[in-house]
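Asks: Below you'll find the structure I mean.
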Amino acid sequence: MKKGKVYLVGAGPGDYKLMTLKGMECIKKADVIVYDRLANVNYLKEAKAGCERIYVGKASSQHTLTQDEINEVIVRKAKEGQIVTRLKGGDPYVFGRGAEEGEYLLENDIPFEVIPGITSAIAGPCYAGIPITHRDFASSFHVITGHLKDDENTELNWEALAGVKGTLVFLMGVANLKNISENLIKEGKSPATPVALISWATRPNQSVVTGTLENIYELALEKEVKPPTLIVIGEVVGLRDKLNFFEQKPLFGKNVIVTRAREQSSALVEKISDMGGNAIELPVIKIQEIEDNHELDECLSSLKAYNYLIFTSQNTVDIFFNRLREKGLDSRGLAHMKICAVGPQTVYSLNKQGIRPDIIPERAIGEALYTSLSQELKREDSILIPKSAIAREYLVENLSKICSVKAIDLYNTVTEAIDKDMILRMLDEDKIDYITFTSSSTVKNFIRGIGREHISKLNRTKLVSIGPITSKTILEYGLTVYKEPEIYTIEGLIECIIND
Ligand code: SAH
Numbered sequence: 063m064k065k066g067k068v069y070l071v072g073a074g075p076g077d078y079k080l081m082t083l084k085g086m087e088c089i090k091k092a093d094v095i096v097y098d099r100l101a102n103v104n105y106l107k108e109a110k111a112g113c114e115r116i117y118v119g120k121a122s123s124q125h126t127l128t129q130d131e132i133n134e135v136i137v138r139k140a141k142e143g144q145i146v147t148r149l150k151g152g153d154p155y156v157f158g159r160g161a162e163e164g165e166y167l168l169e170n171d172i173p174f175e176v177i178p179g180i181t182s183a184i185a186g187p188c189y190a191g192i193p194i195t196h197r198d199f200a201s202s203f204h205v206i207t208g209h210l211k212d213d214e215n216t217e218l219n220w221e222a223l224a225g226v227k228g229t230l231v232f233l234m235g236v237a238n239l240k241n242i243s244e245n246l247i248k249e250g251k252s253p254a255t256p257v258a259l260i261s262w263a264t265r266p267n268q269s270v271v272t273g274t275l276e277n278i279y280e281l282a283l284e285k286e287v288k289p290p291t292l293i294v295i296g297e298v299v300g301l302r303d304k305l306n307f308f309e310q311k312p313l314f315g316k317n318v319i320v321t322r323a324r325e326q327s328s329a330l331v332e333k334i335s336d337m338g339g340n341a342i343e344l345p346v347i348k349i350q351e352i353e354d355n356h357e358l359d360e361c362l363s364s365l366k367a368y369n370y371l372i373f374t375s376q377n378t379v380d381i382f383f384n385r386l387r388e389k390g391l392d393s394r395g396l397a398h399m400k401i402c403a404v405g406p407q408t409v410y411s412l413n414k415q416g417i418r419p420d421i422i423p424e425r426a427i428g429e430a431l432y433t434s435l436s437q438e439l440k441r442e443d444s445i446l447i448p449k450s451a452i453a454r455e456y457l458v459e460n461l462s463k464i465c466s467v468k469a470i471d472l473y474n475t476v477t478e479a480i481d482k483d484m485i486l487r488m489l490d491e492d493k494i495d496y497i498t499f500t501s502s503s504t505v506k507n508f509i510r511g512i513g514r515e516h517i518s519k520l521n522r523t524k525l526v527s528i529g530p531i532t533s534k535t536i537l538e539y540g541l542t543v544y545k546e547p548e549i550y551t552i553e554g555l556i557e558c559i560i561n562d
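Next comes the structure, spelled out in structure tokens:
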């Protein structure tokens, strides 16, 4: 029987991109992923189809599985011959009980590797604008557990810790904050020493409370600081005002809903995250290619009959070229045609196919293409338009008045179920800053998803539309379009939000 293997992988502090290449490789090849509360769940999207996911998260008091049970699960899965990736927040060996899991695997004769991760102890302060060392303020740093096993305070050498000039970082320490600050002051550390409490560090919901050893406990109570939180003690905390790059990002702290189909949302999601925002993916539509598309096949067999080819979306380009290849053809079959593309994403997809479109209207909208085409088209021309089954008829209808037009449907968009309760709750609590709509069908399906009876709740947030057609649909529901970009692209849409 195939022998399994276990990878103990550090998932980093939370920011999706703070994961090692090696860690990502282990996620992709895993048969089973066993993951913690602090590992960013978005990594699971990279798992291969059929990969089993087991949540063993611990929320301080309510353990989902005990450590023994976690060990058992990992060993059992590996003994079944599976590749197990054990994802742990931060670094597996920094208070992650990674060593215990490793020892247990060794006892059970199961091969394993450890992939280090970026620990929150260093990255957390960094994202809060606090360098863990500095030539003028801290020549060492000390990472300490605040989750102490005994009540007598004998586990740590408080006298030594109070005497240290470097930076002290306590993990798992919020519940013990009073104890920690009192002990340090008692052993001689200045009550005026700066302290920062960093919660959900490196995530879009990062929050920071600063004070001094003397008042930090009161402040934490007042601000209701909860785990996961890092306690950073030392003069370096004072640099936060200067070095705080993360919280200054234009979308920091903003929740932005992305309603696009999952296959298409990544560019938008990535841009929102890069700007420090929290992109909430709610793909309300799914692209469903029309199967056994005889009409398309017929067109592909008679391409010579057309001298214009129009693409208005990335999906049509992708589906069209896939089928072209499946039929044993390639882009040379299109050499005699003028190719038109609406929208930069469509142009980009065509470029990937080795095609540089002949006509690209300045504005990303069918009307603009019509204006430029209508000047050159003659009666004997023949246009092929591969399109979505629910696309507007504008181009087909108007171009047909000039010459012959063949439109073929390549795909449908079908509704995806969304977590209605979560959205309604967030809307009620005014937690959603923007909802982005990139097509009329995202508007329709989003409203269907939350239920038409709740439509007035959308007045509590800012609806951003990609362009006039989408805006028209929003207005037809009696809602207000907060912003629409001058250039109808994803970049334009992001600009609207950033410059708000
Ligand atoms: N192995 C992890 C630490 C596990 S112990 C690492 O290297 O980061 C769990 C503690 O880590 C939490 O109680 C909290 O103090 C800290 N922690 C981990 N991720 C954090 C985050 N994103 N923000 C704040 N604290 C975090």
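According to the numbering used here, the sequence shown is numbered sequentially starting from 63. Cβ atoms here follow ideal geometry from the backbone N, Cα and C, with glycine treated the same way. All values reported here derive from a predicted model rather than from experimental measurement.
(1) Distance check for Thr542 and Tyr166, CA to CA, integer angstroms please.
(2) Can you list, in chain order, the stretches of the beta strand (DSSP E) that have 3 or more residues and sit fully within the region 80-114?
(3) Quick check on the burial criterion: 16 or more other C-beta atoms within 10 angstroms. Buried or exposed for Ala111?
(4) Ends of the beta strand (DSSP E) at Pro290?
(5) If we ignore side chains and look at the alpha-carbon of each, how far apart do Arg487 and Trp262 end up?
(6) Mind checking if Asn507 is an interface residue toward chain C, Cβ cutoff 8 Å exclusive?
(7) Is the beta carbon of Ala183 sitting closer than 8 Å to the one on Val257?
(8) Counting C-beta neighbours from all protein chains within 10 Å, is the total for Ser123 16 or more, i.e. buried, or is it exposed?
(9) Look at the alpha carbon of Asn153 and the alpha carbon of Thr523, and state the distance between them as a whole number of angstroms.
(10) Among Ile417, Thr498 and Asp481, which has the Cα closest to the Cα of Gly513?
(11) Within 10 angstroms of the Cβ of Ser533, are there 16 or more other Cβ atoms? Answer buried if so, exposed if not.
(12) Can you find a heavy atom of the ligand SAH that lies under 7 Å from the Cβ of Pro290?
(13) In whole angstroms, what is the alpha-carbon distance linking Ala341 and Lys67?
(14) With a threshold of 7 Å (Cβ to nearest heavy atom), would Gly186 be considered close to the ligand SAH?
(15) Would you mind giving the Cβ-Cβ distance between Ile145 and Ala92, rounded to the nearest angstrom? I have them listed as a contact below 8 Å.
(16) Thinking Arg148 and Glu163 are a contact (beta carbons under 8 Å), I'd like their distance in whole angstroms, please.
(17) Is it buried or exposed for Met484, if we count other Cβ within 10 angstroms and need 16 for buried?
(18) Is any heavy atom of the ligand NAP found at a distance shorter than 7 Å from the C-beta of Leu305?
(19) In this structure, how does DSSP classify Cys465 when only helix, strand and coil are distinguished?
Replies: Working from what's here:
(1) Cα-Cα distance, rounded: 59 Å.
(2) For the region 80-114, whole beta strand (DSSP E) runs of length 3 or above, ordered along the chain, are 94-97.
(3) Burial check for Ala111: the Cβ neighbour count within 10 Å stays below 16, so the residue is exposed.
(4) Pro290 -> no beta strand (DSSP E), and no H or E assigned at all.
(5) Whole-angstrom Cα-Cα distance: 21 Å.
(6) Reference to chain C is not applicable here, since this structure consists of a single protein chain.
(7) No, these two residues do not count as a Cβ contact at 8 Å.
(8) Any reading at Ser123 must be qualified, since the residue scores a pLDDT of 49, below 50, and its modelled position is unreliable; no value is offered.
(9) Contrary to the premise, residue 153 reads as Asp rather than Asn in this sequence. Each residue's Cα considered, the two are about 38 Å apart.
(10) Relative to the Cα of Gly513, the nearest Cα in the group Ile417, Thr498 and Asp481 belongs to Asp481.
(11) With 16 or more neighbouring CB atoms inside 10 Å of its own CB, Ser533 falls in the buried class.
(12) It does: the Cβ of Pro290 is within 7 Å (strictly closer) of some heavy atom of the ligand SAH.
(13) Cα to Cα, the separation comes out at about 34 Å.
(14) Yes, Cβ of Gly186 sits closer than 7 Å to a heavy atom of the ligand SAH.
(15) The pair is a contact, with the Cβ atoms about 5 Å apart (cut-off 8 Å).
(16) The beta carbons of Arg148 and Glu163 sit about 7 Å from each other, so the pair counts as a contact at 8 Å.
(17) Taking all protein chains shown into account, Met484 has fewer than 16 neighbouring C-beta atoms within 10 Å of its C-beta and is therefore exposed.
(18) In terms of ligand content, the structure shown lacks the ligand NAP and carries the ligand SAH instead.
(19) Correct three-state label for Cys465: coil.
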